[in-house]
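The block underneath contains the structure these notes are about, expressed in structure tokens.
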Amino acid sequence: MTTPGLVVVDKPGGITSHDVVARVRRLAGTRKVGHAGTLDPMATGVLVLGVDRATRLLGHLMLTEKGYDATVRLGVATTTDDAEGEVVATTPAAHLDEAAVRARFAELVGDIEQVPTAVSAIKVDGKRAYQRVRDGEEVELKARPVTVHELVVRDVRPGDGVLDVDISLRCSSGTYVRAIARDVGAALGVGGHLTALRRTAVGPYDLGVARTLDELAEDFAVLPIAAAARAAFPAVDLDEDQAGDVRVGRPLDLPLDGLAGVFAPDGEFLALYEPRDGRARPVAVFV
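Residue 1332 in my numbering is what sits at position 110 of the sequence shown, and the numbering runs on without skipping anything.
Here it is in structure tokens:
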């Protein structure tokens, strides 16, 4: 039986996140596999999967910060704001001043209101936005607050009428890098879309711990749920009496600053607790 825990995959391009889940289900020998935060088929990099009861951690992990490396092509706009869409406009962009380009990207650092790309998994009246677009509907999504903690322009490369910009960023969950490409291109008056996207981190899990599907096929290793929880959340080690209370979902008299993992004296991961109404109360119990 597979140990409950996380599998951090370095997703290849050209397949869906669901394809990765299906492959890991076969390798793990269980149907109970889920992922924290979808990657588009063209995107590569960190995809965090939960196996067995660790799938219940995923909803909490999805709220954490993410890191990306990306290439934005200025001068071409597409229907999907990335290279998989149809070209809707081309405008010469190779002449753009590099300082002006860098300044536009810098303006997106901080707390911003971002309109998600229309071809997204956001539900509109119970139906995914991307499905509405495929069905020929006009989709207008409302702007949402997101945070870009850091955005570094690595290189600006003139091409045949276009300008390719390599960036690295750290951002809040729910931030669309495709929308950043679109918005910078629109602000510069030339249009823009994403030609490459690699997720470098989800919370504390980065490419350093990610493994390719081929590597997992050779040696299927799971990060045990206790180690995964310690990496992702502040940890509180309990005594036997407190651990007994947690096993039946009782509140604890513990000072917590936020969501925390609580552990038995032998290191077993028991639950996620949060401060509420003056006490530490269970959010999810895993035993």
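No residue lacks a Cβ here, since even glycine has one placed at the ideal position from N, Cα and C.
Quiz item: The beta strand (DSSP E) with Asp1333 in it runs from where to where?
Solution: 1332-1336
Self-check item: Selection from Pro1263, Thr1266, Asp1274, Gly1267 that minimises the alpha carbon distance to Thr1252
Solution: Asp1274
Quiz item: What are the boundary residues of the beta strand (DSSP E) that Val1243 is part of?
Solution: Element bounds for Val1243: not the beta strand (DSSP E) but the alpha helix (DSSP H), 1239-1250.
Quiz item: So what does DSSP say about Arg1433, is it helix, strand or coil?
Solution: strand
Exercise. For Pro1446, write down the residues that DSSP places opposite it in a beta bridge.
Key: Gly1227
Quiz item: Per DSSP, Ala1365 forms a beta bridge with which residues?
Solution: DSSP lists no partner for Ala1365.
Quiz item: Within this structure, are the beta carbons of Val1298 and Gly1413 separated by less than 7 angstroms?
Solution: yes
Quiz prompt | Leu1330 versus Phe1455, Thr1417, Thr1397, Ala1506, residue with shortest Cα-Cα distance | solution = Thr1397
Quiz item: Cα separation between Thr1417 and Ala1265?
Solution: 9 angstroms
Practice problem: Give the straight-line distance between the Cα atoms of Pro1477 and Tyr1495, rounded to the nearest whole angstrom. | Solution: 11 angstroms
Self-check item: Residue from Phe1327, Leu1283, His1317 with nearest C-alpha to Ala1401
Solution: Phe1327
Practice problem: State buried or exposed for Thr1302, treating a residue as buried only when at least 16 other CB atoms are found within 10 Å of its CB. | Solution: buried
Quiz item: In chain order, which beta strand (DSSP E) runs of at least 3 residues are fully inside the segment 1476-1506?
Solution: 1482-1485, 1491-1498
Practice problem: Taking Leu1283 as part of the alpha helix (DSSP H), name the residues at either end of that continuous run. | Solution: 1280-1283
Quiz prompt | Cβ-based neighbour list, Ala1315, same chain, cut-off 6 angstroms, excluding 5 preceding and 5 following | solution = Leu1296, Gly1297, Val1384, Leu1385, Val1412
Practice problem: Compute the distance between the beta-carbons of Leu1373 and Val1399, then report whether it is under 7 angstroms. | Solution: no
Exercise. Compute the Euclidean distance between the alpha carbons of Ala1502 and Gly1267, then round it to the nearest angstrom.
Key: 36 angstroms
Quiz item: Can you give the beta carbon distance from Thr1286 to Val1424, rounded, assuming they're within the 8 angstroms contact cut?
Solution: 7 angstroms
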